[in-house]
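A.B. asks:
Numbering (my numbering), first residue to last: 5 to 265.
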């Protein structure tokens, strides 16, 4: 399993959910609850012929504790913002932990993250806190200063990932930009993993919500890299089939809604 057991999406079950859903839909398009997205990945991996008991999970996600609740723990590739931070040595170390059995696979979850607080983006109410804090704090902080610091290597990387002219202070564009940079860096290093096993990558944006609300995930890529290759074969349509099968896409973009009519 690549996800931890989690309650499914229940519309209207929690106060504040309706406003949060509308904000997510408006800014990120089609999404699924984080737990449901993980279950859909399990289904898709099985359909691709992989044994779920032989999956090595690797995460390139921000160390923020909010990002650990839904997805299974594994080899950590990411630093602040979710940007791959371990370099060639880390990717090779990850690869060395993969199963050598038939039908084994390395699953990589690559994602930036953003907080959604009702109508607002970039803040969230965390467990055991009484005040809202920034999310992703590193990405937001990087907008305030572009000076690189020798003692802050990961923050330097976040600063370099952002096109300030494009992003401005738009938190959705900030999350998209950090993700796109992270995915490109992952793609550059993916050959160190695929040398030893097939690799499946799920990329996108984790959407963290206030205490008591489900988190969501906005998928941006679902690809297979065959063993010995670095070419990414797109399979996002397969993931979407299982999301629909699970009835796990409570937030659909306008185009998807029109298609259903």
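All C-beta atoms in this analysis are idealised placements derived from N, C-alpha and C, irrespective of residue type, glycine included.
Leaving out five residues before and five after residue 200 in sequence, what residues of the same chain have Cβ atoms less than 6 Å from its Cβ?
C.D. replies: Once the five neighbours on either side are set aside, the close Cβ partners of residue 200 are 99 and 102.
A.B. asks: For residue 23, report the span of its alpha helix (DSSP H) as first-last.
C.D. replies: Where residue 23 is concerned, the enclosing alpha helix (DSSP H) stretches over 21 to 32.
A.B. asks: Check residue 210 in the structure and name its three-state DSSP category.
C.D. replies: If DSSP states are grouped into helix, strand and coil, residue 210 belongs with the strands.
A.B. asks: With DSSP collapsed to three states, give me the class of residue 70.
C.D. replies: Residue 70 falls in the helix class under three-state DSSP.
A.B. asks: Indicate the three-state DSSP secondary structure (helix, strand or coil) for residue 239 in the structure shown.
C.D. replies: Three-state DSSP puts residue 239 in coil, outside helix and strand.
A.B. asks: Which runs of the beta strand (DSSP E) fall wholly inside the segment 147 to 231 and span at least 3 residues, in chain order?
C.D. replies: As far as the segment 147 to 231 is concerned, its whole beta strand (DSSP E) runs of at least 3 residues are 203 to 213 and 220 to 229.
A.B. asks: So, for residue 187: in the same chain, excluding its five sequence neighbours on each side, which residues have a beta-carbon less than 7 Å away from its beta-carbon?
C.D. replies: Only 114, 207 and 225 meet the Cβ criterion.
A.B. asks: For residue 152 and residue 145, I'd like the C-alpha separation in whole angstroms.
C.D. replies: Distance between the alpha carbons of residue 152 and residue 145 is about 13 Å.
A.B. asks: Which class does residue 93 belong to by DSSP, given the choice of helix, strand or coil?
C.D. replies: Reduced to three states, the DSSP call for residue 93 is helix.
A.B. asks: Which word fits residue 121, buried or exposed, when buried means at least 16 other C-beta atoms lie within 10 angstroms of its C-beta?
C.D. replies: With 16 or more other Cβ atoms within 10 Å, it is buried.
A.B. asks: Would you decide whether residue 163 is buried or exposed? Buried here means 16 or more other CB atoms lie within 10 Å of its CB.
C.D. replies: Under this definition residue 163 is a buried residue.
A.B. asks: Short check: CB of residue 191 to CB of residue 209, under 8 Å?
C.D. replies: Against a cut-off of 8 Å, the Cβ pair of residue 209 and residue 191 comes out as no contact.
A.B. asks: Taking the alpha carbon of residue 33 as the point to measure from, which residue in 234, 233 and 220 has its own alpha carbon closest?
C.D. replies: Of 234, 233 and 220, the residue nearest in Cα terms is 220.
A.B. asks: Check the DSSP bridge columns for residue 110 and list the partner residues they point to.
C.D. replies: Paired residue(s): 60 and 203.
A.B. asks: Do three or more CB pairs link the segment 24 to 42 to the segment 117 to 134 at distances below 8 Å?
C.D. replies: The segment 24 to 42, when compared against the segment 117 to 134, does touch it at the 8 Å Cβ threshold.
A.B. asks: Who does residue 116 pair with in a DSSP beta bridge?
C.D. replies: Paired residues: 209.
A.B. asks: For residue 43 and residue 52, what's the separation of their Cα atoms in angstroms?
C.D. replies: Whole-angstrom Cα-Cα distance: 14 Å.
A.B. asks: Cutting at 7 Å between CB atoms, please list the residues of its own chain near residue 181, excluding the five before and the five after it.
C.D. replies: Same-chain partners within the cutoff: 165, 166, 167, 170 and 171.
A.B. asks: Tell me the rounded alpha-carbon separation between residue 229 and residue 204.
C.D. replies: In a straight line, the C-alpha of residue 229 is about 6 Å away from that of residue 204.
A.B. asks: Assuming residue 160 contacts residue 92 (C-beta within less than 8 Å), just tell me the rounded distance between them.
C.D. replies: The pair is not a contact, with the Cβ atoms about 19 Å apart (cut-off 8 Å).
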